[in-house]
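This report concerns only the one structure given below.
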Amino acid sequence: MSSKVIQQRLYDSLSLPFKFVVVIWLIHFAQSILHLSLGSWGIYPRETFGLPGIITAPLIHADFPHLLSNTPPLFVLSAMVLFFYRRVAMSSIALIYLLTGAAVWTFGRPVFHIGASGVIYGLAAFVFFNGIFRRNLKSIALALIVGFYYGSMVYGIFPGQEGVSWESHLLGAVVGVFASFVYKNAIEKDEHRQIPSWENDPDYNQEKFFLDRDAFLKTKSEREKETRDNEWFR
9 MSSKVIQQRL
19 YDSLSLPFKF
29 VVVIWLIHFA
39 QSILHLSLGS
49 WGIYPRETFG
59 LPGIITAPLI
69 HADFPHLLSN
79 TPPLFVLSAM
89 VLFFYRRVAM
99 SSIALIYLLT
109 GAAVWTFGRP
119 VFHIGASGVI
129 YGLAAFVFFN
139 GIFRRNLKSI
149 ALALIVGFYY
159 GSMVYGIFPG
169 QEGVSWESHL
179 LGAVVGVFAS
189 FVYKNAIEKD
199 EHRQIPSWEN
209 DPDYNQEKFF
219 LDRDAFLKTK
229 SEREKETRDN
239 EWFR
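Take the position in the sequence shown, starting the count at 1, then add 8; the result is the number in this note's numbering.
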């Protein structure tokens, strides 16, 4: 992949998260300057008037500390998904966004739930569990990075934190795992194993080895039985 292609890919991956972050900041500035109360646009579980919150809740934050805490992980994780998992990025992000909101509406406490933290937990779980489900070098490396930088987020899924929608965190993480499982076989081009040139050598499989190629695939008893059988037919 040429440097020009990588630069364009990086630009595309950063553009959408940046625009989304700008939107949620503009909404919060408008809320603060105009003294608006937008909390009623959050998700209110199991009530029809709370259904629009599935779309609008991640755009609304209680205060600037709430918005500041959500902005960096939202930007970084969404850009990471868009850059490294281009084949499924948009569909997985949409699934996490909508299904997390729907799950909170179905199972959450009867209060207004606002903020993008549920989406953040979904994105983090998606990247982390890709390392488990896909098990290739790239996905494992990304999973380790997310685990190192965002591992402490796991404490946010437990109840008892005043003013925190732990349901959004927990359900977002569950949806992220689900999305990772759904798209586990949608392998990116750079995730396919490259066959070394020497494996294509016709003489490779004819080469003599010190041990049989299946030396570690049989138990001792199976190998002894095979030896006895070979002696019987001699």
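Backbone N, C-alpha and C fix where the C-beta goes; we use that ideal spot for every residue, glycine too.
Member of the options whose CA lies at the smallest distance from the CA of residue i
i    : options                   : result
L22  : R94, A124, G50 and F134   : R94
F166 : I51, Y158 and E175        : E175
I140 : E232, L131, V172 and L152 : L152
G159 : E170, S147 and Y129       : Y129
E199 : L145, S173, M98 and Y191  : L145
A132 : A111, S48 and V162        : V162
V30  : F83, I14, L18 and Q15     : F83
M98  : D20, V13 and E232         : D20
I63  : K27, F26, V13 and A110    : A110
Cβ-based burial, residue i [other Cβ within 10 Å; buried from 16]
i    : result
S11  : exposed
G123 : buried
H43  : exposed
N138 : buried
| task | Please determine if the stretch 67-81 and the stretch 177-185 are in contact, where contact requires at least 3 C-beta pairs separated by less than 8 angstroms. | result | With contact defined as three or more Cβ pairs closer than 8 angstroms, the stretch 67-81 and the stretch 177-185 are not in contact.
| query | Which whole runs of the alpha helix (DSSP H) in the stretch 21-72 are 4 residues long or more, in chain order? | reply | Listed in chain order, the complete alpha helix (DSSP H) runs (minimum 4 residues) inside the stretch 21-72 are 61-64.
| query | Is the stretch 82-91 touching the stretch 42-62, taking contact as three or more C-beta pairs under 8 angstroms? | reply | The stretch 82-91 makes no contact with the stretch 42-62: fewer than 3 CB pairs, one atom from each, lie closer than 8 angstroms.
| request: Mind the definition here: the stretch 54-72 touches the stretch 31-46 only if three or more C-beta pairs lie below 8 angstroms; say whether that holds. | output: These segments touch.
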